[in-house]
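**Student:** Mapping of the sequence shown onto this note's numbering: position 87 corresponds to residue 94, and the numbering continues sequentially without gaps.
Before I ask anything, let me first share the structure, which is written out below as structure tokens.
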Amino acid sequence: MRITKVDHWLVRMPFTEDILWGSGRRIGTTRLICRIETDTGIIGWGETISLIANVPAVFADIVAPLAIGYPVADAERFHRHVLGAGFYHHKRAAVMAICAMEMAMWDALGKQAGLPLYALWGGRWRQDVEAAAYLFTNDPQGLSERLKRFLDLGYTTFKVKIGFDEKSDITLAETARRVIGDHPLRLDVNGAWNPATAKRQLEKLKAFDPAYVEQPLELDDVAGHAALVARSAVPIALDESAYTLCDVGNIVRANAADVVLLDPHEAGGLWQTIKAAAICESVGIPVTLHSGAELALSQSAYIHLAASLPNMSIAIDTERAYLGGDISPNPPALKNGRFQVPEGPGLGVEVDVGELEKYRVTGIAGAYLDTERRDWFPVKPAY
Numbered sequence: 008m009r010i011t012k013v014d015h016w017l018v019r020m021p022f023t024e025d026i027l028w029g030s031g032r033r034i035g036t037t038r039l040i041c042r043i044e045t046d047t048g049i050i051g052w053g054e055t056i057s058l059i060a061n062v063p064a065v066f067a068d069i070v071a072p073l074a075i076g077y078p079v080a081d082a083e084r085f086h087r088h089v090l091g092a093g094f095y096h097h098k099r100a101a102v103m104a105i106c107a108m109e110m111a112m113w114d115a116l117g118k119q120a121g122l123p124l125y126a127l128w129g130g131r132w133r134q135d136v137e138a139a140a141y142l143f144t145n146d147p148q149g150l151s152e153r154l155k156r157f158l159d160l161g162y163t164t165f166k167v168k169i170g171f172d173e174k175s176d177i178t179l180a181e182t183a184r185r186v187i188g189d190h191p192l193r194l195d196v197n198g199a200w201n202p203a204t205a206k207r208q209l210e211k212l213k214a215f216d217p218a219y220v221e222q223p224l225e226l227d228d229v230a231g232h233a234a235l236v237a238r239s240a241v242p243i244a245l246d247e248s249a250y251t252l253c254d255v256g257n258i259v260r261a262n263a264a265d266v267v268l269l270d271p272h273e274a275g276g277l278w279q280t281i282k283a284a285a286i287c288e289s290v291g292i293p294v295t296l297h298s299g300a301e302l303a304l305s306q307s308a309y310i311h312l313a314a315s316l317p318n319m320s321i322a323i324d325t326e327r328a329y330l331g332g333d334i335s336p337n338p339p340a341l342k343n344g345r346f347q348v349p350e351g352p353g354l355g356v357e358v359d360v361g362e363l364e365k366y367r368v369t370g371i372a373g374a375y376l377d378t379e380r381r382d383w384f385p386v387k388p389a390y
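Here it is as structure tokens:
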């Protein structure tokens, strides 16, 4: 079964509220959606995150033309074909564009086989998938109110953005622990600390028993993270440092993380994510999934990954609570903080082309800079 036609849309789904983090303010999520047609008449759909303009450019100029004539089963070969088109020098510029096509290839292959994706990846390891409530605010009162709402909805794992400034790191963690009790608490710094600050802050945060502190240092500082892992009682998780398969290999070799957050959009596909998870599994490192406000296609892909990977044993991140809509009439069901696993063939979700057209945009906005602070821009490390 080969690809005969490729279409794509750039869409922006507004959030129900602006979300604030140490690297800026986000007003919505911009996604690239692709549809492939095959010589058997089977349609495949894929999705990726689009934070910067290289994603639609690489997709339109390299990914889509290369895909014509490709067998949908050749996910590994296609990933490397794009890198071989010059992007082995620029992996981080290509991975997101590759992911949309690779996901569509898997969707079409699952439909051809009549099987859900988890069945193609070793079968179903878990019956449903826990989701972590995700909190974006530097206001302790606002954080408390949001945490209570998520608790009422049945969530049992909570992730809180810190990294705004030194004082609020502690105040926000203290507020969260007071509200959620003994439930797992994740704290995400987004690379805002320098190594000295990290030592001091981790010692203070230890009292709140975080499940892990995520990305405390700049993404390139693998050695610095290894030093934190060696000396800190607080587990260290890496996200921005762990884009590609090679990134994950370097992290494992350096003993630089206790937990790794994976993301198929940042790895260049679902198959690359499976391989990265296996590397971590071989040394006993649990993995989870980073969220960039996935719409139905990517959310379904996440659930299939989590359903099939044994060491994806902790709750996956999700920003679905902030989405103002979706592109599917049957997005994955989330109840009591847990996703049900789609059972239809491929991704197991449908796409409403009318919704794609409704939310279609021509550019990317609101990804990093905070328009309410015109002279401000994020610096890493911030303090």
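Backbone N, C-alpha and C define an ideal beta-carbon position, used for all residues, glycine too.
Predicted, not measured: the structure shown is a model, and the values here were computed from it.
Out of L312, N145 and K166, which one is the CA nearest neighbour of D25?
**Tutor:** For this step, residue 25 is matched to residue 18 along the sequence shown. Of L312, N145 and K166, the residue nearest in Cα terms is N145.
**Student:** For V34, which of T378, D382, P388 and F384 has the nearest alpha-carbon?
**Tutor:** Walking along the sequence shown from the start, residue 34 turns up at place 27. In the sequence under discussion, the amino acid at residue 34 is Ile, which differs from the Val named in the question. It is T378 whose Cα lies nearest to the Cα of I34.
**Student:** Classify T280 as buried or exposed, calling it buried when 16 or more other Cβ atoms lie within 10 Å of its own Cβ.
**Tutor:** On the sequence shown, residue 280 is found 273 positions in, with the first residue counted as 1. With 16 or more other Cβ atoms within 10 Å, it is buried.
**Student:** Given a threshold of 16 other Cβ atoms within 10 Å of its Cβ, counted over all protein chains shown, does V356 qualify as buried or as exposed?
**Tutor:** Against the sequence shown, residue 356 aligns to sequence position 349. Buried is the call here.
**Student:** Hey, could you find the ends of the alpha helix (DSSP H) L179 is sitting in?
**Tutor:** Residue numbering aside, residue 179 sits at position 172 when the sequence shown is read from its first letter. Element bounds for L179: E173 to I187.
**Student:** From what residue to what residue does the alpha helix (DSSP H) around Q347 run?
**Tutor:** In the sequence shown, residue 347 corresponds to position 340, counting from 1. Element bounds for Q347: not the alpha helix (DSSP H) but the beta strand (DSSP E), R345 to Q347.
**Student:** With distance defined between alpha-carbon atoms, name the residue in W16, A101, Q119 and V102 nearest to I10.
**Tutor:** Stepping through the sequence shown from its first residue, residue 10 is reached at position 3. Closest option to I10, Cα to Cα, is Q119.
**Student:** Whole angstroms is fine: what's the gap from I323's alpha carbon to A285's?
**Tutor:** Within the sequence shown, the letter at position 316 stands for residue 323. Within the sequence shown, the letter at position 278 stands for residue 285. Each residue's Cα considered, the two are about 17 Å apart.
**Student:** Return helix, strand or coil for T36, following the three-state DSSP convention.
**Tutor:** Along the sequence shown, one-based indexing puts residue 36 at 29. Strand.
**Student:** Within the same chain, show all residues whose beta-carbon is closer than 6 Å to that of W16, passing over the 5 residues directly before and after it, in chain order.
**Tutor:** Against the sequence shown, residue 16 aligns to sequence position 9. Cβ within range, chain order: I40, L363 and R367.
**Student:** Identify the continuous alpha helix (DSSP H) that holds P231 and give its terminal residues.
**Tutor:** Taking the first residue of the sequence shown as 1, we reach residue 231 at position 224. According to the sequence provided, residue 231 is Gly. The question's Pro does not apply to it. V229 to R238 is the span of the alpha helix (DSSP H), which, as asked, contains G231.
**Student:** Would you kindly report the start and end of the unbroken alpha helix (DSSP H) that includes R84?
**Tutor:** Taking the sequence shown and counting its residues from 1, one reaches residue 84 at position 77. Per DSSP, R84 belongs to the alpha helix (DSSP H) from A82 to G91.
**Student:** Quick check on I339: does DSSP put it in helix, strand or coil?
**Tutor:** Here residue 339 is taken as the residue at index 332 of the sequence shown, counted from 1. The identity of residue 339 in the sequence shown is Pro, whereas the question assumes Ile. P339: coil per DSSP, three-state reduction.
**Student:** Find the nearest neighbour of G275 within the set R87, I43, L73 and D46, judged by alpha-carbon distance.
**Tutor:** Translated into positions along the sequence shown, residue 275 becomes position 268. Among R87, I43, L73 and D46, the Cα nearest to that of G275 is on R87.
**Student:** Which residue wins for smallest C-alpha separation from P147, given the options A180, N318, A140 and P123?
**Tutor:** For this step, residue 147 is matched to residue 140 along the sequence shown. When only C-alpha atoms are compared, the closest one is A180.
**Student:** Within the same chain, show all residues whose beta-carbon is closer than 7 Å to that of L154, passing over the 5 residues directly before and after it, in chain order.
**Tutor:** By 1-based counting over the sequence shown, the position of residue 154 is 147. So the list reads L142, F165, A183, V186 and I187, once near-sequence residues are dropped.
**Student:** Under the DSSP definition of a beta bridge, which residues are partnered with V167?
**Tutor:** Position 160 of the sequence shown holds residue 167. BP columns for V167 point to L142 and L194.
**Student:** Should L194 and Y219 be called a contact, given that it needs their Cβ atoms to be closer than 9 Å?
**Tutor:** Locating residue 194 in the sequence shown gives position 187, counting from the first residue. Locating residue 219 in the sequence shown gives position 212, counting from the first residue. A contact, by the Cβ cut-off of 9 Å.
**Student:** Starting from V255 and walking both ways along the alpha helix (DSSP H), at which residues does that stretch end?
**Tutor:** Walking along the sequence shown from the start, residue 255 turns up at place 248. First-last of the alpha helix (DSSP H) with V255: L252 to A261.
**Student:** Quick one: what's I26 bridged to in DSSP?
**Tutor:** In the sequence shown, counting from the first residue as 1, residue 26 sits at position 19. Looking at the DSSP assignment, I26 forms a beta bridge with R33.
**Student:** Report yes or no: do the segment 123–141 and the segment 311–321 share at least 3 C-beta pairs separated by less than 8 Å?
**Tutor:** At 8 Å Cβ cutoff, the stretches touch.
**Student:** For the beta strand (DSSP E) that T295 lies in, which residues bound it at each end?
**Tutor:** Mapped onto the sequence shown, residue 295 falls at position 288. From DSSP, the beta strand (DSSP E) with T295 extends over V294 to L296.
**Student:** Quick one, which of D216, S289, G373 and L245 has its alpha-carbon nearest A263's?
**Tutor:** Translated into the one-based positions of the sequence shown, residue 263 becomes position 256. With distances taken between Cα atoms, A263 lies closest to L245.
**Student:** What does the alpha-carbon distance come out to for the pair E210 and L269?
**Tutor:** On the sequence shown, position 203 is the one that residue 210 refers to. On the sequence shown, position 262 is the one that residue 269 refers to. So the two alpha carbons sit approximately 26 Å from each other.
**Student:** Smallest Cα separation from P202: which of P191, D359, K213 and L226?
**Tutor:** As a first step, residue 202 is located in the sequence shown; it is residue number 195 there, counting from the start. Of P191, D359, K213 and L226, the residue nearest in Cα terms is L226.
**Student:** Output the distance between the C-alpha atoms of G76 and R381, rounded to the nearest integer angstrom.
**Tutor:** What you label residue 76 is simply residue 69 of the sequence shown in a count that begins at 1. What you label residue 381 is simply residue 374 of the sequence shown in a count that begins at 1. Going from the Cα of G76 to the Cα of R381 covers about 47 Å.
**Student:** Apart from the five residues just before and just after A140, which ones in its own chain have a Cβ nearer than 6 Å to its Cβ?
**Tutor:** Locating residue 140 in the sequence shown gives position 133, counting from the first residue. Same-chain partners within the cutoff: F157, Y162 and F165.
**Student:** Using alpha carbons as the reference points, say which of A138, T178 and L127 lies closest to S151.
**Tutor:** Within the sequence shown, the letter at position 144 stands for residue 151. Here the closest residue by C-alpha is T178.
**Student:** Could you check whether A115 and V65 sit closer than 9 Å to each other, using their CB atoms as the reference points?
**Tutor:** In the sequence shown, residue 65 corresponds to position 58, counting from 1. In the sequence shown, residue 115 corresponds to position 108, counting from 1. Contact flag unset, no.
**Student:** If we call anything under 9 Å between Cβ atoms a contact, is F346 one with E137?
**Tutor:** Sequence index remark: in the sequence shown, residue 346 carries index 339 (1-based). Sequence index remark: in the sequence shown, residue 137 carries index 130 (1-based). Going by C-beta atoms, F346 is nearer than 9 Å to E137.
**Student:** Under 9 Å, do H311 and P123 count as touching if we go by C-beta distance?
**Tutor:** Your numbering for residue 311 matches position 304 in the sequence shown. Your numbering for residue 123 matches position 116 in the sequence shown. It is a contact, given that the beta carbons lie within the stated cut-off.
**Student:** If we call anything under 9 Å between Cβ atoms a contact, is G331 one with F22?
**Tutor:** Within the sequence shown, residue 331 is the residue found at index 324, counting from 1. Within the sequence shown, residue 22 is the residue found at index 15, counting from 1. Cβ atoms of G331 and F22: closer than 9 Å.
**Student:** Are the CB atoms of L341 and A308 within a distance shorter than 9 Å?
**Tutor:** Counted from its first residue, the sequence shown places residue 308 at position 301. Counted from its first residue, the sequence shown places residue 341 at position 334. Cβ distance not < 9 Å, so A308 and L341 don't count as in contact.
**Student:** Considering Cα atoms alone, identify which of A214, A111, S305 and Q306 is closest to D176.
**Tutor:** Residue 176 sits at position 169 when you count from the first residue of the sequence shown. Answer by Cα proximity: A214.
**Student:** Are V429 and P293 touching if we call contact CB-CB under 9 Å?
**Tutor:** No answer is possible for residue 429: the residues shown for the chain start at 8 and end at 390.
**Student:** Starting from M319, follow its DSSP beta bridges and name the residues at the other end.
**Tutor:** Working through the sequence shown from its first residue, we reach residue 319 at position 312. M319 is not bridged to any residue.
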